[in-house]
Each structure stands twice: as structure tokens, then as C-alpha cells.
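Working notes, beginning with the structure itself.
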Amino acid sequence: METNNNKSSLPENAYRELAPGEEYKPLLDSKSQPKEVTPYSVTMGIVMAIIFSAAAAYLGLKVGQVFEAAIPIAILAVGIGTMTGKKNMLGQTVIIQSIGASSGVIVAGAIFTLPALYILGLEAHFYQVFLSSLFGGMLGILLIIPFRKYFVKDMHGKYPFPEGTATTEVLVSGEKGGSQAKLLAVSGLVGGLYDFVIGTFGLWAETVTTRIAGWGVALADKFKAVASINTGAAVLGLGYIVGLKYSALICAGSLLVWFVIVPLIGSIEGSAAAAMSAEDIFFAYGRPLGIGGIAMAGVIGIIRSAGVIKNALGVAVKELGGKGGSTEKVERTQRDITMRTVLAILIGVLVALIVFFQFGVLHNWWFSIIALLIVFVIAFLFTTVAANAIAIVGSNPVSGMTLMTLILSSIVLLSAGLQGREGMTAAMIIGGVVCTALSMAGGFITDLKIGYWIGTTPAKQEGWKFLGTIISAATVAGVIIILNKTYGFVGEGALVAPQANAMAAVIEPLMSGGETPWVLYIAGAVLALILTMIGIPALAFSLGMFIPLSLNLPLLVGGLISWFVSGRSKDEALNKARKDRGTLIASGFIAGGALMGVVSAVLKFAGVDWYLGEWAASNGAQWAAIGAYVLLIGYFAWDSLRAKREE
0 METNNNKSSL PENAYRELAP GEEYKPLLDS KSQPKEVTPY SVTMGIVMAI
50 IFSAAAAYLG LKVGQVFEAA IPIAILAVGI GTMTGKKNML GQTVIIQSIG
100 ASSGVIVAGA IFTLPALYIL GLEAHFYQVF LSSLFGGMLG ILLIIPFRKY
150 FVKDMHGKYP FPEGTATTEV LVSGEKGGSQ AKLLAVSGLV GGLYDFVIGT
200 FGLWAETVTT RIAGWGVALA DKFKAVASIN TGAAVLGLGY IVGLKYSALI
250 CAGSLLVWFV IVPLIGSIEG SAAAAMSAED IFFAYGRPLG IGGIAMAGVI
300 GIIRSAGVIK NALGVAVKEL GGKGGSTEKV ERTQRDITMR TVLAILIGVL
350 VALIVFFQFG VLHNWWFSII ALLIVFVIAF LFTTVAANAI AIVGSNPVSG
400 MTLMTLILSS IVLLSAGLQG REGMTAAMII GGVVCTALSM AGGFITDLKI
450 GYWIGTTPAK QEGWKFLGTI ISAATVAGVI IILNKTYGFV GEGALVAPQA
500 NAMAAVIEPL MSGGETPWVL YIAGAVLALI LTMIGIPALA FSLGMFIPLS
550 LNLPLLVGGL ISWFVSGRSK DEALNKARKD RGTLIASGFI AGGALMGVVS
600 AVLKFAGVDW YLGEWAASNG AQWAAIGAYV LLIGYFAWDS LRAKREE
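In numbering that gives the first Met the number 0, the protein residues as written are 0 to 646.
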């Protein structure tokens, strides 16, 4: 029978470090047996996984930013549960959120790498996209389980878990009512219609640049200096959730490239760059600097996590050497899938992977063994890096670690004699498996922390996460193929897919005997090392260096809105209420904008063309976009400031 503790908020020590001898007691007592896995929670989790996988895939391929679906899924789970009159839903909403949140992490792993196959002119079958995402996601689950106790219990209060904190607050507050779900629905409608008008009708431009004015054209032509900003609601919402600190760091990397490096390189008389546009200089010289910086940031993360890896391995080995891996003496809220079960499933996944590489990709046992070793070693080493990043800043740095995976795997495969089109295909699929594994590891540790705060059973979250992975992998594979046929990933009107384009730019010269910009990679790596030495997060800065400025400036705008609404009052409780309301609005913008983006894609795929192409490409559409964007920002700030102080 379920025990209701009648608590409406988390314990006082939920977010702070514990004093010696102090213990954290979750909302659901460890001796209770709350409802968790039910037909309702599993069905709702599957529905959320399908919807948000499609939405996140579209948004990620369009702007290069994958939103984590945990917060909007949690709000919807709470709102639907409340509207249908369900009670004592905490245990079930955690399962819904955990299954559904597989969407964002699987999407990140797939879209950062696998569209590069199309970009490189290679063929990607459904089963290749599906299986690489599936096996990568399963690896991520299995490799993070031994680290669960360290990250969620031993380090309690030492890691902020920003996204996990927000999601937990949503789930807990859901016991009070469904007003948050109503706010999410309204903001989702606003953001969705706003982005739908841009994507389907083109009534105002999606991107505004300084070339809209005569002085901007002169700056671009003479000094190679161009500023641009994406005016979409979804990207603005992302910036709010990222916050001012990290959006400013990301934007700083962009500003360095676009207003220092690009103009400097373009000013060299007689050079090839002098005849190039600012955008071309960025892709040829600026982005490789960012790639080198991201790779170095990943290496630094591994070094810093060496102690954590050693400790977790010790715990796992100790349990494997115990008596049958019994869980009888372990309290419910600390009960994981046993290490013996983890090891058995892990062996099964590795066997399936080598079969996949042999019969679905490489058709050579020697190359397949090499591919398997690359996947397992890199995924294992980078697991704690991904978890650390999520726990500290709420941002999963899979793109940088995947870039390094691609470089290392290409070098190894070349040394073994594999190159050309076959080598590029193998490297990208290896990268897809690793990227998905790391994305899952980072995202799942947040789910497990949410469960720890509330008091659910880790083993149930771990077991049912596999179902969410299967559903999300199948959905993402279908969406990628549909979007490729509808828009494509290269040429005018194509989806940006910035990470996948960056991966393709790395792989092609390595595998085809072309020139690889090693000097630029090394320079970016040295810059990341210097940034780390002076205490600046190198990963965020480096990401800004290789993602286009038009996608980074709106993050800064969103971060500024967050700073503005959360600092207007001297009453900190009121500031917090405003910040939290803004988070819900931002989540609505993200979910609504992304979902309507999928609707636009389906309409185009079906041959429905309402887009005013000539108008959308005009300066008039850019001026209209400025007006619409200002109104959207004003609405965002105004509605956030309407929050009332909670007593």
C-alpha cells in the first residue's frame, strides 16, 4: 500500500551539503511502497518520449541546440495527472519523466553525428540510425549505474543539478495543483504559433543581420564584420534556461571569432581569405579553433574525473565479489540493478554491437573489433565527464567529446587500412554510438538525482529507462530520414545541423587524404588550456567559437531576460517566483516552437507550400522580424514579472 507523507515541499537539507552524521530523508519514505511503475505511468512515458523525440530532433537540426525535455514533460505529467483527478502521483510522475526524458538525450546523440552521413553524400539506412542510437543509449545507462551513488548521494549538496532541481520542484509542486501546466500550455501556444508563422509562412525573417542597413553592408564588405541573430521563440527560451553566465560565455566565444579572428584573417592582403565572405572565413578558420577547444575541454574533464572513476570501479568490483549481489539489506531508495545484471546486459550489448558493426557497417571482423574497442574505451572514460557537466552546469558537452572521438577513431581506422567512403561511414556511426552513450549517461544522472530527492526506487528507473531508449531511438531515426527528404542538410533552405556539419568537416579531410587544419585544432586546444588555467569554463567558450553567432546571440538575449526578471526586487522570494515563472514560459516556448517546427516539416513533406520565399528574403521581412522579436521579448518579461511571492 502506498504511504503518503503529506509533504508539500522538499526537506530543508535537500539542496545543501549535509553536516557530519546528518542524513537526507526524501519525500517518499524508504520503508513505504509508493506506486511507481503502472500501466498509466509507462503509457504516458512512451507518449512523451515519442512527442519530444520528434520535437527535439527538429529543433536540434535547425539551430544546433537540443533542449532537455525533462522540465516540460514533468509539467505535463503533473498537469494531466491533476486534471484527471489522480492523487499521490509522485512516484508515477518520476517514471513518466524518466522514460520520456530519454527523448532529449537520444536526440542529442543522433543528430550531432548521423546527419553528417547525408552531408558527406553517404547513405544512411533506418536500421543504422536506429541501432547506433539504441546501443549507444543502452551503453550510457549501463555505464552510469556504478556511479549513481557517488553523484546523487555521496556528493549531495556539492553539485547543484540545475535542471534536476527545476524538474523536482515542478513534480513536488504538482501535488498542489495544475496551474503550472496551464502556464506551460499558454506559453507553448504563443511560442509555437510565433515559430509556426516564421517556418510555414515566412511573414517575418528567421534571421536578422547587420546587412539590413547600408552601414552593415559596408562593414561586411570592407572589414568582414557581420552580426546576426535568430529571432525564434524556441532559441530565446533556451537562452533563458541556460542563464546569463553561461550564455555570456558561449556568446563571448562567438564574438571573439566573428569580431576579432574573422576580420583579422580577412584583412591579410593577397590571401585567399581576403576574397572570402565573413561567413566563409568563419567556417574555414573560426570553427576549427572551436573544435580544438572542445576536444581539449573533454581531455581536461577526463583528467579531473580520474579519482571518481577509480572509486566507482572499486565499489562495482566489491559487489561483484559479494554473495549473489543480494539487495535485501539495501533500503528501497538506494536499490540499484545489481552489478551482475549490469555486467550481463553490458556483455549482451557489446556482442550485439560487434554484430551490428560486422553485418551492418564494416563487413570485416578486424575492423569491427577495432570499432567496438574504440566505442567502449571512449564511452567508459567520458561517462563521468558528461555526468559532471550535467551535475554542475546542466549542459551536456557531448559534441566536443564526440569530435575528439571522431578524430581518434579516424586515425585508428586509417592506421588499420580503412579509408575513403567506407572509413567515413564507419567513423560517423562509431561517433554516433559514443555520442549517444555520453548523452544518455549525462542525462540519466539527472533523472536519478530527481528520484533520490523524491524517494523513488533507482532500480525501477534504471530498468524502465531501456524502454524509453528503444522508443526514442526509433522515433529519432524516422524523423531524421523525413527531415532529410524534406529539407536536407546542405544547400539553400536546408536545416543548419551545425554539429553534424562540424563532424563532417572533421571527417572528410581525414578519410579522403585532404588537408586537415591541425594548426587550427592545436591553437584552439591551447586556448582552451589557457582558459582553464585562468578559471574560465573552456567548454562553453569553445562551443561559442564553432556555433554560428546567429544562434548564440539569442541565448544571450534570453540570459539577459532571466537576469532582468530575477533581480528587479529586493525581495528574494519574489525574485525566485519570477525566475521560476520565467522558466515555465521558456519551457513552453521551447516545446511549442519545436513541436510546431515538426508540424511545418510535415506540411512541407506533404507538398503544402505556404512559404512567402521572396518576401522572407527581403529587408522588409527582417524589419518585421525585429518588431515581432521585440514584442515577444516584451511579453516574456511582462508575463514573468506577473509572478507573486509565495508565502
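Beta carbons are placed, not taken as given, at the ideal position from N, Cα and C, and that holds for glycine. None of these values were measured; they are calculated from a predicted model.
Item	Value
Once you ignore the five residues that flank Arg580 on each side, which residues in its own chain have a CB closer than 6 Å to its CB?	Ser639 and Ala642
Do Thr208 and Val225 have their beta-carbon atoms positioned less than 8 Å apart in this structure?	yes
Round the Cβ separation of Ala585 and Gly236 to the nearest angstrom and send it over; I've been treating them as touching at under 8 Å.	4 Å
If you compare alpha carbons, which of Ile444, Val601 and Ile336 is closest to Ile480?	Val601
On the criterion of 16 or more Cβ atoms from any shown chain inside 10 Å, does Asn500 qualify as buried, or is it exposed?	buried
Count the other C-beta atoms from every protein chain shown that fall within 10 angstroms of the C-beta of Pro71, then say buried if there are 16 or more, exposed otherwise.	buried
I need the straight-line Cα distance from Ser325 to Gly454, nearest angstrom please.	Note on Ser325: pLDDT 46, under 50, position unreliable in the model; the coordinate value appears next. Cα-Cα distance, rounded: 21 Å.
Using 8 Å as the threshold, is the C-beta distance between Thr474 and Ile49 below it?	yes
Since I believe Leu182 is in contact with Gly540 (beta carbons under 8 Å), could you give me their beta-carbon distance rounded to a whole number of angstroms?	The question names Gly, but residue 540 is Phe in the sequence shown. With 8 Å as the limit, Phe540 and Leu182 do not qualify as a contact, their Cβ atoms being about 34 Å apart.
Does the CB of Val77 have a neighbour CB from chain C at under 8 Å?	The displayed structure is made up of one protein chain only, and chain C is not part of it.
Using DSSP with H/G/I as helix, E/B as strand and the rest coil, what is Asp638?	helix
Taking just the CA atoms, how far does Met439 sit from Pro10?	29 Å
In three-state terms, what does DSSP make of Thr337?	coil
Report the option in Ser568, Ile302, Val234 and Ile506 whose CA atom is closest to the CA atom of Gly419.	Ile506
Can you check which of these residues, Gly103, Ala54, Met43 and Ile105, is closest to Leu75 by C-alpha distance?	Met43
Just the Cα atoms here: how many angstroms apart are Val478 and Ile110?	10 Å
Since Ser471 is in the alpha helix (DSSP H), which residue starts that stretch and which ends it?	Pro457 to Thr485
According to DSSP, is Ser52 part of a helix, a strand, or is it coil?	helix
Are there three or more Cβ pairs, one per stretch, closer than 8 Å when the region 293-301 is compared with the region 534-548?	yes
Return the CA-CA distance between Leu447 and Leu255, expressed in angstroms with no decimal places.	38 Å
Using a threshold of 8 Å, state whether the C-beta atoms of Ile211 and Asn483 are closer than that.	no
How about Met338 and Leu402: are their beta carbons less than 8 Å apart?	no
Note down the Cα distance separating Gly596 from Gly231, rounded to an integer number of angstroms.	11 Å
Give, in chain order, every unbroken run of the beta strand (DSSP E) that is at least 3 residues long and sits entirely within the region 493-519.	none
In the DSSP assignment, find the unbroken alpha helix (DSSP H) run with Ser565 in it and report its ends.	Note, Ser565: premise wrong, no alpha helix (DSSP H); not H, not E.
Is the region 402-415 in contact with the region 458-477, if contact means three or more CB pairs nearer than 8 Å?	no
Count the other C-beta atoms from every protein chain shown that fall within 10 angstroms of the C-beta of Glu122, then say buried if there are 16 or more, exposed otherwise.	exposed
Tell me Thr206's beta-bridge partners as DSSP assigns them.	Asn229
Let's see if you can read the secondary structure: which residues bound the alpha helix (DSSP H) around Pro145?	Pro145 -> no alpha helix (DSSP H), and no H or E assigned at all.
Roughly how many angstroms lie between the CA atoms of Phe588 and Tyr628, to the nearest whole one?	13 Å
Buried or exposed, going by whether 16 or more other CB atoms sit within 10 Å of the CB of Lys221?	exposed
Taking its Cβ as the centre, do 16 or more other Cβ atoms sit within 10 Å of Val350, making it buried, or is it exposed?	exposed
Any contact between the region 148-162 and the region 543-556? By contact I mean 3 or more CB pairs, one from each, below 8 Å.	no
Is it buried or exposed, Glu21, if we count other Cβ atoms within 10 angstroms and call 16 or more buried?	exposed
What does the Cβ neighbour count give for Gly190, buried or exposed, with the cut at 16 atoms within 10 Å?	buried
Take the Cβ of Gly84 as the centre, count every other Cβ of all protein chains shown within 10 Å, and call the residue buried at 16 or more, exposed below.	exposed
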